[in-house]
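A.B. asks: Take this structure first; my questions come after.
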Amino acid sequence: MDSAVDKKVSEELARLEGVLRGLADRNRFALAYSGGLDSRFLAHAARRLGFEPVLLHVVGPHVPPEETAYARGWATENGLPYEEVPVDPLDLPLVAAGDRKRCYACKRELFSRVMARTDLPLCDGTNTSDAGQYRPGMLAVRELGVLSPLALAGLDKAAIHRVAAGTGMALPDQKPRPCLLTRLPYGMKPERETLEAVAAGERAVRVFFASEGLPEPDFRLRLVAPDRAELHLLSAAFAALPPALLEGLARRAAVSGLPPLRVVGMETLSGFFDRT
416 MDSAVDKKVS EELARLEGVL RGLADRNRFA LAYSGGLDSR FLAHAARRLG FEPVLLHVVG
476 PHVPPEETAY ARGWATENGL PYEEVPVDPL DLPLVAAGDR KRCYACKREL FSRVMARTDL
536 PLCDGTNTSD AGQYRPGMLA VRELGVLSPL ALAGLDKAAI HRVAAGTGMA LPDQKPRPCL
596 LTRLPYGMKP ERETLEAVAA GERAVRVFFA SEGLPEPDFR LRLVAPDRAE LHLLSAAFAA
656 LPPALLEGLA RRAAVSGLPP LRVVGMETLS GFFDRT
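The numbering of the sequence shown is the working numbering, which starts it at 416 and goes up by one.
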């Protein structure tokens, strides 16, 4: 292990290595790979530790095309085996109804399809920070026997950021971008066109911040009701923007296919519909 890696990072990598030794099949395992921080980190760390992860990436209307492009590009740049698995969850009864268990139904379908594509042990990027949140999809992961090496190694989100940075992984502070279905209120039927509009609005937000020479904050564009959209920023980021920029941001994010939109500061971004 690189002598430049500090002791804490070395210890956390060693714990992860021990877990992977116990589950890999001749150093190989399959990984449900979104291209987000957690699954990307697991792929990065595993390869560094001498394992050979096979990356399986789900594509469908709930995944913005640019996220798939990033996931594919990162896997290619790092020489990792990569395969795309098409899945459309929109017609699953619980998803179509906008049920509170839509994430469970979606995850079960997605992971079942991914498992059917491999004979290797299947892992995901769940970590210990996920345990305290309302995540019905995690039940599907457990029921199907999907393995979560990061959680088994006791690694939380802070550890993932720390080890990713300490071992030279690109974009170690990557912001979370949950499934587009989480932008819709419970009870709303998800339409492909609506999800495309949300993805386009979030893309416009990123372009806005880049064009203004500003760092991209964490944000979510949500339909808080069928006739009202809100762009949620963390309170600190919201307070830092002058009124003129907030107005420009609202105009940029108000893409075709979305209802009237306003920009709102929030104390936390995750689990919005589970708090209301």
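The beta-carbon is built from N, C-alpha and C at its ideal position, and this holds for glycine as well. Predicted model, so just to flag it, every value in this text is computed and none were measured.
1. Could you tell me the distance, in whole angstroms, from the CA atom of E662 to the CA atom of L431?
2. Between which two residues does the beta strand (DSSP E) harbouring L471 extend?
3. For A447 and K572, I'd like the C-alpha separation in whole angstroms.
4. Thinking C-alpha only, which one of L535, P504, E608, N493 is nearest R455?
5. Use the C-beta contact count for N442: other C-beta atoms within 10 angstroms, 16 or more gives buried, fewer gives exposed.
6. Go to A445, then tell me how far its beta strand (DSSP E) extends in each direction, as first and last residue.
7. Using only CA atoms, which one of H472, S527, R515 lies nearest to V500?
8. Which residues share a DSSP beta bridge with E498?
9. Ordered along the chain, which non-local residues of its own chain (more than five positions away) have a Cβ less than 7 Å from that of D440?
10. Have a look at L464, V679, E481, G602 and flag the residue whose alpha-carbon is nearest the alpha-carbon of K516.
11. Per DSSP, what kind of secondary structure is R592 in: helix, strand or coil?
12. Going by DSSP, what residues sit across from D440 in a beta bridge?
C.D. replies: On the basis of the data shown:
1. If you number the sequence shown from 1, residue 662 lands on position 247. If you number the sequence shown from 1, residue 431 lands on position 16. If I take the Cα positions, the gap works out to 46 Å.
2. Position 56 of the sequence shown holds residue 471. In the DSSP assignment, L471 falls within the unbroken beta strand (DSSP E) covering 467-474.
3. Position 32 of the sequence shown, counting from 1, holds the residue named residue 447. Position 157 of the sequence shown, counting from 1, holds the residue named residue 572. Straight-line spacing of the CA atoms in A447 and K572 works out to 18 Å.
4. Position 40 of the sequence shown holds residue 455. Of the candidates L535, P504, E608, N493, the one whose C-alpha sits nearest the C-alpha of R455 is N493.
5. As a position in the sequence shown, residue 442 is number 27, starting the count at 1. By the neighbour-count definition (other C-beta atoms within 10 Å, threshold 16), N442 is an exposed residue.
6. As a first step, residue 445 must be located in the sequence shown, where it is residue number 30. Unbroken beta strand (DSSP E) run through A445: 443-447.
7. Here residue 500 refers to the residue found at position 85 of the sequence shown. Looking only at H472, S527, R515, the smallest Cα-Cα distance to V500 is reached by H472.
8. Locating residue 498 in the sequence shown gives position 83, counting from the first residue. Per DSSP, the beta bridge partners of E498 are L471.
9. Translated into the one-based positions of the sequence shown, residue 440 becomes position 25. Cβ neighbours of D440 beyond the five flanking positions: L535, P536.
10. For the purposes of this step, residue 516 is taken as the residue at position 101 of the sequence shown. Measuring from the Cα of K516, the nearest candidate turns out to be G602.
11. What you label residue 592 is simply residue 177 of the sequence shown in a count that begins at 1. In the three-state scheme derived from DSSP, where H, G and I count as helix and E and B as strand, R592 is classed as coil.
12. Within the sequence shown, residue 440 is the residue found at index 25, counting from 1. DSSP, once it has assigned bridges, lists R443 as partnering D440.
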